[in-house]
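Quick note, the working numbering runs 123 ahead of the 1-based positions in the sequence shown. A virtual CB, placed ideally from N, CA and C, is assigned to each residue, including glycine.
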Amino acid sequence: MTRSEKITLFILTTLTLLLAAYVFRLYLGIWKRPLGPTLQISTIIPIGMPPTWTPPPATPALDSAKQTPPSPTPTPLNGLCNAPATVHILLIGSDARGDTYTYGLADVIRLVRVEFATPRVSILEFPRDLWVEIPDIADNLNGQKHAKLNQAYLYGNPGFGYTNDPAQGPGLLARTLTLNFGTRIDHYAAINMHTFVKIVNALGGIDVYLPEPVDGRTAEDTNDRLFFRAGWLHLDGTRALTLARIRIEGSFARADNQNRVLCALRDKLTRPEIITKLPELIHAFKGSIQTDLSPEQISQLACIGTQIKPQDIHFLSFPEEHFKPSRVYDPTFKKKVFIWEVDFEILRKYVQQFNEGTWFASQFSVGGGEPQENTVVCP
């Protein structure tokens with residue numbers, strides 16, 4: 124090889140290495156970059172208020188319970204799949220029917236605790252009909268500060284835009300949960316009905332087990348599409364959505380059906396053959412979901428999903444005996460609306476146990492109700 128050829132080869136090699144380093148750095152940036160605005164819940168101060176603003180004083184009994192957890196700090200990656208030991212994710216199912224998230228109530232509200240070190244997953248349901256204080260909305264609702272929990276998501280999204288929170292609906296809902304119940308939330312993911320149907324169809328449907336029939340037919344709607352026989356059922360996206368939305372037997376029964384659908388999704392997503400469907404699945408997700416998870420974090424969740432045993436997936440709910448159906452006057456709608464009447468102080472204590480991963484501690488008892496696991500168990 125001549126001297127000029129050696130010099131040329133050296134230059135080409137150097138340029139190739141520099142290009143490779145640039146591409147790798149660019150790839151890492153995209154890999155670790157959140158897919159949406161991150162949460163702003165290090166403080167319960169409403170977005171946009173002046174720095175001198177302080178929350179009104181709370182009673183001593185509520186002050187510690189309503190205290191917001193400190194700002195998240197970098198956590199050692201000491202869990203499986205090169206992830207932190209524990210991550211809390213707010214999952215939202217929106218009743219919006221289009222591709223956008225302009226409007227839509229939070230039809231499903233779940234707080235997920237993923238323990239990468241154990242591994243274990245706990246999923247806590249928040250009833251959507253809780254009457255809560257929502258930050259940021261008073262100026263747009265003639266001073267009204269309270270509404271149903273599921274409306275926090277609606278008021279935060281662009282259709283109403285009652286907040287300056289960069290994370291919009293998910294951000295306002297996350298801050299509402301933290302303000303009222305002291306939740307710890309690291310990330311969020313919201314999906315609307317249209318996207319849910321697309322994803323289930325992209326997976327080739329899901330297999331759901333029902334221990335008994337579910338009949339959502341009414342005198343006004345007798346269509347058989349609302350009836351689901353007992354046993355194993357293979358459901359496409361539309362049928363899966365219908366099952367998840369039926370609540371003729373009440374909100375708690377509907378939560379059971381939603382959890383069964385979540386079990387089926389988990390089972391399908393962790394099967395080896397799903398790899399062949401990834402392009403279609405990615406297409407279904409693209410631009411159709413609200414989340415601040417990064418591609419790296421999504422891959423960590425997919426990784427841990429293949430290692431968690433069914434018995435280590437726990438669907439949790441607050442004891443039903445604490446909830447009493449009631450109605451409250453909503454000035455916005457100028458009528459009384461249905462809500463669950465419940466002592467928030469009790470719920471905060473349950474949430475504290477959830478945050479700490481001690482939900483099943485035998486010594487824990489609140490107001491006569493023991494922490495309980497939902498009857499749904501992933502098969």
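Worksheet item: When DSSP labels each residue in this structure, what does residue 397 get in the three-state scheme?
Response: helix
Worksheet item: What three-state label does DSSP hand residue 335 in the structure shown?
Response: coil
Discussion item. For residue 314, report the span of its beta strand (DSSP E) as first-last.
Written reply: 310 to 315
Worksheet item: Going by alpha carbons, who is nearest to residue 411 out of 154, 320, 236 and 271?
Response: 320
Discussion item. List, from N- to C-terminal side, the alpha helix (DSSP H) runs of 4 residues or more that fit wholly inside the region 215 to 280.
Written reply: 272 to 279
Worksheet item: Just to check, is the beta-carbon of residue 213 closer than 7 Å to a non-hydrogen atom of the ligand GDP?
Response: Because no ligand of any kind appears in the structure shown, any question about the ligand GDP cannot be addressed here.
Worksheet entry | Test item: CB-CB of residue 290 and residue 276 under 8 Å | no
Worksheet item: Taking the Cβ atom as the reference point for each residue, do residue 288 and residue 163 lie within a distance shorter than 8 Å?
Response: yes
Practice prompt. Find the nearest neighbour of residue 158 within the set 226, 332 and 313, judged by alpha-carbon distance.
Written response: 313
Discussion item. If distances are taken between C-alpha atoms only, which option among 260, 241 and 315 comes closest to residue 232?
Written reply: 315
Practice prompt. Using a threshold of 8 Å, state whether the C-beta atoms of residue 308 and residue 213 are closer than that.
Written response: yes
Item to complete: Return the bridge partner residues of residue 461 from the DSSP annotation.
Response: 450
Item to complete: Look at the alpha carbon of residue 482 and the alpha carbon of residue 241, and state the distance between them as a whole number of angstroms.
Response: 15 Å
Worksheet item: Are there three or more Cβ pairs, one per stretch, closer than 8 Å when the region 349 to 361 is compared with the region 252 to 261?
Response: no
Discussion item. Across the region 416 to 428 and the region 443 to 450, are there enough close Cβ pairs to call them in contact, namely three or more that are closer than 8 Å?
Written reply: no
Discussion item. Just to confirm before moving on: does the CB-CB distance between residue 384 and residue 366 stay below 8 Å?
Written reply: yes
Item to complete: Might you give, ordered along the chain, the residues of its own chain that have their beta carbon closer than 6 Å to the beta carbon of residue 237, omitting 5 neighbours on each side?
Response: 210 and 244
Item to complete: Could you tell me the distance, in whole angstroms, from the CA atom of residue 179 to the CA atom of residue 215?
Response: For residue 179, the predicted model reports a pLDDT of 38, less than 50, meaning its position is unreliable; a value from the coordinates is still stated below. If you take the alpha carbons of residue 179 and residue 215, they lie about 29 Å apart.
Worksheet entry | Nearest-angstrom Cβ-Cβ length linking residue 285 and residue 279, presumed shorter than 8 Å | 7 Å
Worksheet item: Span of the beta strand (DSSP E) holding residue 202?
Response: Note, residue 202: premise wrong, no beta strand (DSSP E); not H, not E.
Discussion item. If you measure between the beta carbons of residue 270 and residue 453, is that distance less than 8 Å?
Written reply: yes
Fill in: Through-space distance from residue 346 to residue 305, alpha-carbon basis
43 Å
Worksheet item: If residue 339 sits next to residue 358, beta carbons under 8 Å apart, how far is it from one beta carbon to the other, in whole angstroms?
Response: The pair is not a contact, with the Cβ atoms about 14 Å apart (cut-off 8 Å).
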